[in-house]
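Encoded as structure tokens, the structure appears first; notes follow it.
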Amino acid sequence: MHQLTLAEIARGLADKKFSSEELTKVLLARIAQLDPQLNSFISLTEDLALTQAKAADARRANGESGALLGAPIAHKDLFCTQGIRTSCGSKMLDNFKAPYDATVVAKLAAAGAVTLGKTNMDEFAMGSANESSYYGAVKNPWNLEHVPGGSSGGSAAAVAARLLPAATGTDTGGSIRQPAALTNLTGLKPTYGRVSRWGMIAYASSLDQGGPLARTAEDCAILLQGMAGFDPNDSTSIDEPVPDYSASLNGSLQGLRIGVPKEYFSAGLDPRIAELIHNSVKELEKLGAVVKEISLPNMQHAIPAYYVIAPAEASSNLSRFDGVRFGYRCENPVNLSDLYKRSRGEGFGAEVQRRIMVGAYALSAGYYDAYYLKAQKIRRLIKNDFMAAFNEVDIILGPTTPNPAWKLGAKNSDPVAAYLEDVYTITANLAGLPGLSMPAGFVDGLPVGVQLLAPYFQEGRLLNVAHQYQLNTDWHTRTPTGF
Ligand code: GLN
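Letter by letter, the sequence shown follows residues 59 to 541 in the working numbering.
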């Protein structure tokens, strides 16, 4: 039963082959048995899951239907869940029980999804390896000595290991697409404003966006359908109708114009990944797509710009964690300043502190123009590059990551080496565009992802291309040994 996709689960439940309660029990037992190897969950919510599963079964018995009704999922542990610990992977929030549900959590619960637990993540979503969590590193099910990617690494490892069919993630600079690539999943970062950020603990508010991680594009369509939509509680949420994503999966790719940026194939890219990307292009050509070389001339400036803007916003967002209102408070503070300093110094890990310092520096008087303002100008140039490219092509295709999953600890002493792994993903966040990563093959037994980018609100096009690709390839069906 654990091999079933969301789409197959929906059919099985509709045909009464099994109940949501039976399925939930099977998956909870599987998590208990296998997750100790992976560390992909921070909290399990067995009681809630069984209550939700029984309620979903009752709704089906009353004639209700729906692709998510009774479907087991998990949430990255930065989506607020009422009465349940929402830790953000940090000691700072280890004792924090959210007083309300995030919009994404509430919407999926209303659609009948069953929450099995909260998944592990890099502390405050800062990272590309899931090694900065207060709850310990997550392991990649394809090779337990390697990282699963980050920051949604817990969601990715759990889905890849067939502990559950799908999970939510968030993507500020690649944290859905990159772990999807490194664990052989399909992951979608929607257009900025497509999915509500209300109740999603903020890292960098102008870049953060929630989205689905699953094994197939078909399942990402189902989960995104339940997550997307206007939310008056989020002032950056966009009031655009949500199309039927599952309905657009079967569109023909005849004449689809695919742009491949020449800057993507520089020296930093593993040549074996480059070859797999070329193979995926050939596959799409067979389906009728027309391929063209394009240029994104400002791409080289994306990492420096992102690593100014994201820490700047983080330094501001994380100022609310002061030891006073909620979260960690140090023992025996001698005065207010000591309370602030020690609560933050003891509650935040090293990477979070590094980013707060970089961000506060970039925003400080005297440096603001040189760093923050400059980075914002680069951000606009990157967006303009994409706008020009999308005048010529329908989709941009390239690698999701320059390398396959690296060994645990390999980049710990050099944060910049980890930042460089984000080179292909962060441009979409800077521009606010939707992006998807899907399985494209293996290097040394480790999965490789191909990334597709589309114009604003064209999530349906990304899912359509990925679904057609998956009907004609079987990379996404491969299962890690031992799981
Ligand atoms: N690796 C990037 C960072 O550390 C992206 C993280 C994310 O998307 N949350 O900022």
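Beta carbons: idealized from backbone N, C-alpha and C, even for Gly.
Fill in: Minimum C-alpha distance to Y193 - residue among G245, A168 and N97
Residue mapping note: residue 193 aligns to position 135 of the sequence shown, counting from 1. Across the set G245, A168 and N97, the C-alpha of N97 shows the shortest separation from the C-alpha of Y193.
N530 to A420 span [Cα, whole Å] = Reading the sequence shown from its first residue, position 472 is the one you call residue 530. Reading the sequence shown from its first residue, position 362 is the one you call residue 420. Spanning the two alpha carbons is a distance of roughly 48 Å.
Simplified DSSP state of K74, which is helix, strand or coil: Here residue 74 refers to the residue found at position 16 when the sequence shown is read from its first residue. Coil.
*Sorry if obvious, but does the Cβ on T241 come closer than 7 Å to a heavy atom of the ligand GLN?*
Counting from one through the sequence shown, the residue named residue 241 turns up at place 183. No, since every heavy atom of the ligand GLN falls outside the 7 Å radius drawn around the Cβ of T241.
Give me the residue from V410, S374, R273 and N291 with the minimum Cα distance to V66.
Position 8 of the sequence shown, counted from the first residue, corresponds to residue 66. Inspection of the sequence shows that residue 66 is occupied by Glu rather than by Val. The shortest Cα separation from E66 among V410, S374, R273 and N291 belongs to R273.
Are the CB atoms of I440 and N356 nearer to each other than 8 Å? Against the sequence shown, residue 440 aligns to sequence position 382. Against the sequence shown, residue 356 aligns to sequence position 298. At a Cβ-Cβ threshold of 8 Å, I440 and N356 count as neighbours.
Bounding residues of the alpha helix (DSSP H) (the contiguous stretch that carries S374): Indexing the sequence shown from 1 puts residue 374 at position 316. Under the DSSP assignment, S374 falls in the alpha helix (DSSP H) whose first and last residues are A360 to N375.
- Using the rule of at least 16 other Cβ atoms within 10 Å of the residue's Cβ for burial, across every protein chain shown, is M179 buried or exposed? By one-based count along the sequence shown, residue 179 stands at place 121. Only buried fits M179, as 16 or more other CB atoms lie within 10 angstroms of its CB.
Following a CB-centred definition, is T228 positioned closer than 7 Å to any heavy atom of the ligand GLN? Position 170 of the sequence shown, counted from the first residue, corresponds to residue 228. In this structure, T228 has its CB closer than 7 Å to one or more heavy atoms of the ligand GLN.
Just grab the DSSP bridge partners of K176 for me. On the sequence shown, residue 176 is found 118 positions in, with the first residue counted as 1. For K176, which the question treats as bridged, DSSP gives the partners S101 and H133.
**Item:** Contacts around G245, its chain only, beta-carbon distance under 6 Å, and the 5 residues preceding and following it disregarded
**Value:** Working through the sequence shown from its first residue, we reach residue 245 at position 187. I234, R235, A238, L271 and S495, listed in sequence order.
>> Considering just the uninterrupted stretch of the beta strand (DSSP E) at G456, what are its terminal residues?
In response: In the sequence shown, counting from the first residue as 1, residue 456 sits at position 398. Element bounds for G456: I453 to P457.
Pick helix, strand or coil for H525, following the three-state DSSP scheme.
Position 467 of the sequence shown, counting from 1, holds the residue named residue 525. When DSSP states are grouped into helix, strand and coil, H525 belongs to the helix group.
(request) Give the range of the beta strand (DSSP E) segment to which E351 is assigned. (result) On the sequence shown, position 293 is the one that residue 351 refers to. Annotation: the continuous beta strand (DSSP E) that includes E351 extends over V348 to I352.
**Closer than 7 Å: S233 CB and nearest the ligand GLN heavy atom** = The count along the sequence shown starts at 1 and reaches residue 233 at position 175. In this structure, S233 has its beta carbon less than 7 Å from a heavy atom of the ligand GLN.
(Q) Is the beta carbon of L342 closer than 8 Å to that of P319? (A) Here residue 319 refers to the residue found at position 261 of the sequence shown. Here residue 342 refers to the residue found at position 284 of the sequence shown. Using a Cβ distance threshold of 8 Å, P319 and L342 do not count as a contacting pair.
Just to confirm, does A486 get its C-beta within under 7 Å of one of the non-hydrogen atoms of the ligand GLN? What you label residue 486 is simply residue 428 of the sequence shown in a count that begins at 1. Distances between the C-beta of A486 and the heavy atoms of the ligand GLN are all 7 Å or more.
May I ask whether a heavy atom of the ligand GLN can be found less than 7 Å away from the beta carbon of M184?
Walking along the sequence shown from the start, residue 184 turns up at place 126. Yes.
| First through last residue of the beta strand (DSSP E) which encompasses Q509 | As a first step, residue 509 must be located in the sequence shown, where it is residue number 451. Start and end: L504 to L511.
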